[in-house]
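Below is one structure, written out as structure tokens, with a few remarks after it.
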Amino acid sequence: MVQISRRTLLGAGAALGAGPLLTACGSPFDDTTAAGGNVLEFVTFYTGPDGVVMQGIVDRYNEQSAGAQIRMSAPAYGGDYLTKLVTSSIAGNPPAIMALHNNEVPPLRRFLHELDLASFGFAETDFVEGTQDLAVVEGRRLGVTMSTGPQAMVYNRRLFAEAGLDPDRPPTDAQEFLEAGKALKESGVWGFIREPAAWMPWLTMNWQNGGELVAEDGTALFDSDASLEAIDMERRWVHEDGISPSQLLDGVQMGQQFQDEQVGMIFIGPWGLADMVKANERDGKDFGVAPLPAFFGAAPAVAATSHVYCIPKQRSNDDWVRGEAAKFIEWVVREGSVTWAGSQAPSFNGVDAAIAASDDPVVTAMTTFVEEQPRARFVPYAPRWNQAFTYLTSATQSIVYRDEDPQALMSEAAEQATAAIKGASR
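Mind the numbering: the sequence shown is residues -23 to -1, 1 to 403 in mature numbering (1 follows the signal peptide of the UniProt record, and there is no 0), read in order.
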């Protein structure tokens, strides 16, 4: 558990809050990569504050580079992003370096160079265990995992104290979470508000209960016993325990209600940490960050995203582009990981001590997310997963917010998702 107090914020720099968010400008893929120019395109999905942090790292690299200059862009996010990369790769004009989530690597595998960690001067033991497996497809390593984004719990220490809870002992399991939620509700605020879509608590809870998302044959497993127990726990928080509201809230509203001190606990990814830390300094809040509770004991798990850096094959000048891209990836892992901890959880073990000793309160608070990485679980690759996931999201929202039948809705979502996945793979 990390306390984010006003005192720890003294001396914090303003770099993370300065400047506009990165957006795409013109074509995301410049022809200088293929034509042998001195500028290599680094295409990412860092469309928020993490983009500001990474741009600063790229600028530092360019200042010391005797070879290629790196130009970073963030043209899109989600399915749109992958579509752009697949299209550019088929056309023979991919960027020099791609940032991918682990489940976006398989669709691009035929366009990517196989990489050897030793050629970067790295070994598996230099990274959090398992993180480099995210870039391995069909036995081939196609990228280097820069970081992951496991979720953690942010809670309001002041509201905890007012509810008679110990702010230095946030809940660690399902029973303590429920008790804290009830105490907060009795004190006049909501105990918890969930992210209803991409990062719904069900993902973590399902994995903790031993559930999976998709079988090897493409069958969606949303209606397993483990999955149903997980979604029913979420349903009870709203309709039986009364610790969470019975209205549909999007992610922005969830975060805003937490910052307005109308709720005591939420789950966030590391990219949201800077906003919480800034609120402590700017608004006098007293937010703390702690590991997600273990709601079930079957397996250690917490939902996470990933950031894998890959080198696409070029139609021309491929050897030079590959070499310069590899130099950048090695440098950004070794030299940029501490700075990157201002927005994500680096996987490189060599910076753990520097993160813990940093005088930047955002970086220091990131320690909780870094330490969560061994529990991290990631959405696997499946064809048309975005479509399949919409069926799951719709079902969980109806169950949690409208108190509808878990068995019927999760089974229907599993059937629809399976049809989408298997239909795409024929």
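Cβ atoms here follow ideal geometry from the backbone N, Cα and C, with glycine treated the same way.
Nearest candidate by alpha-carbon position, reference residue i, set the options
| i | options | result |
| --- | --- | --- |
| D145 | V266, V20, T125 | V266 |
| W214 | E91, E156, T181 | E156 |
| K61 | I47, L77, R48 | L77 |
| E189 | K255, A278, M343 | A278 |
| A390 | V105, L180, M182, F199 | F199 |
| G400 | D194, E217, Q291 | D194 |
| residue 404 | A43, A256, G120 | This structure gives no information on residue 404, because the portion of the chain shown stretches from -23 to 403. |
| T395 | G55, W362, A45, A43 | W362 |
| W308 | G261, W176, F97, N257 | F97 |
| L92 | K304, P357, S221, S388 | K304 |
| K262 | A280, Q239, Q185, F273 | Q239 |
| S388 | G141, S50, T373 | T373 |
| N294 | G69, D36, M49, W317 | G69 |
| Q224 | W167, G141, L180 | W167 |
| D110 | F366, A385, Y378, P357 | P357 |
| M182 | S164, A203, T196, K162 | A203 |
| E217 | I245, M253, K162 | K162 |
| R379 | G241, P222, A256 | P222 |
| D143 | A151, R134, R354, D150 | R134 |
| V285 | V114, R352, D260, F272 | V114 |
| T341 | L269, I74, A251 | A251 |
| P83 | A359, R48, W297, R37 | A359 |
| E258 | T196, I332, P338 | P338 |
| S283 | D36, S50, M75 | M75 |
| residue 407 | M343, A192, F137, A330 | The chain is shown only over -23 to 403; residue 407 falls outside these bounds and no answer can be derived. |
| E153 | R87, E81, V254, L269 | L269 |
| E139 | D150, T149, A151, S164 | S164 |
One or two residues paired with residue i in a DSSP bridge
| i | result |
| --- | --- |
| P127 | A281 |
| M316 | Position check: residue 316 holds Thr in this sequence, whereas Met was assumed. Looking at the DSSP assignment, T316 forms no beta bridge with any residue, so it has no partner. |
| M177 | The partner list for M177 (beta bridge, DSSP) is empty, contrary to what the question assumes. |
| L17 | I47 |
| V191 | A197 |
| G167 | Checking the sequence shown, residue 167 turns out to be Trp, not Gly. Answer is V240, bridged to W167. |
| M75 | V20, C287 |
| P323 | S124 |
| D150 | A271 |
| I306 | Answer is none; I306 lacks a bridge partner. |
| I398 | In the DSSP output, where bridge partners are listed per residue, I398 has none listed. |
| I245 | A129 |
Close Cβ partners of residue i (< 6 Å) along its chain, the five nearest in sequence each way excluded
| i | result |
| --- | --- |
| Q364 | A397 |
| T370 | A174 |
| F346 | P127, A129, P247, A322 |
| A45 | N15, L17, E301 |
| Q236 | A256 |
| W184 | A278, R354 |
Residue i classed as buried or exposed, judged by whether at least 16 other C-beta atoms fall within 10 angstroms
| i | result |
| --- | --- |
| N79 | buried |
| N15 | exposed |
| P127 | buried |
| Q41 | exposed |
| G116 | exposed |
| I170 | buried |
| D57 | exposed |
| T64 | exposed |
| I306 | buried |
| E301 | buried |
| G158 | buried |
| A275 | exposed |
| G241 | buried |
| E101 | exposed |
| I67 | exposed |
| R292 | exposed |
| R352 | buried |
| residue 457 | No information on residue 457 is available, as it lies outside the stretch -23 to 403 that the chain covers here. |
| E106 | exposed |
| G232 | buried |
| A331 | exposed |
| A197 | buried |
Sequence-distant residues of its chain with Cβ nearer than 7 Å to residue i (five each side left out)
| i | result |
| --- | --- |
| Q393 | Y368 |
| T108 | T122, T125, S324, Q350 |
| P383 | L205, I208, D209, R212, I376 |
| D27 | W248, S320, Q321 |
| R299 | H90, I288 |
| L180 | A280 |
| A(-9) | Note that A(-9) has pLDDT 29, beneath the 50 cutoff, so the model's placement of it is unreliable and the number below is only indicative. Closer than 7 Å at Cβ, skipping near neighbours: G33. |
| G141 | A160 |
Sequence-distant residues of the same chain with beta carbon closer than 8 Å to residue i, five excluded per side
| i | result |
| --- | --- |
| E381 | S375 |
| G327 | D103, R311, S314 |
| Y54 | F22, T24 |
| R118 | E91, L92, D93, L94, Q109, A112 |
| I220 | L155, G158, K159, L161, K162, W167, G168, F169, W214 |
| Q234 | W167, I170, L226, V240 |
Worksheet item: Which parts of the region 333 to 388 are runs of the beta strand (DSSP E), unbroken and 3 residues or longer, counting only runs that do not cross its ends?
Response: For the region 333 to 388, whole beta strand (DSSP E) runs of length 3 or above, ordered along the chain, are 353 to 355.
Item to complete: Just list the alpha helix (DSSP H) runs in the region 90 to 146, keeping only unbroken ones of 4 residues or longer that don't cross its boundaries, in chain order.
Response: Taking only runs of at least 4 residues, the alpha helix (DSSP H) segments lying wholly in the region 90 to 146 are 134 to 139.
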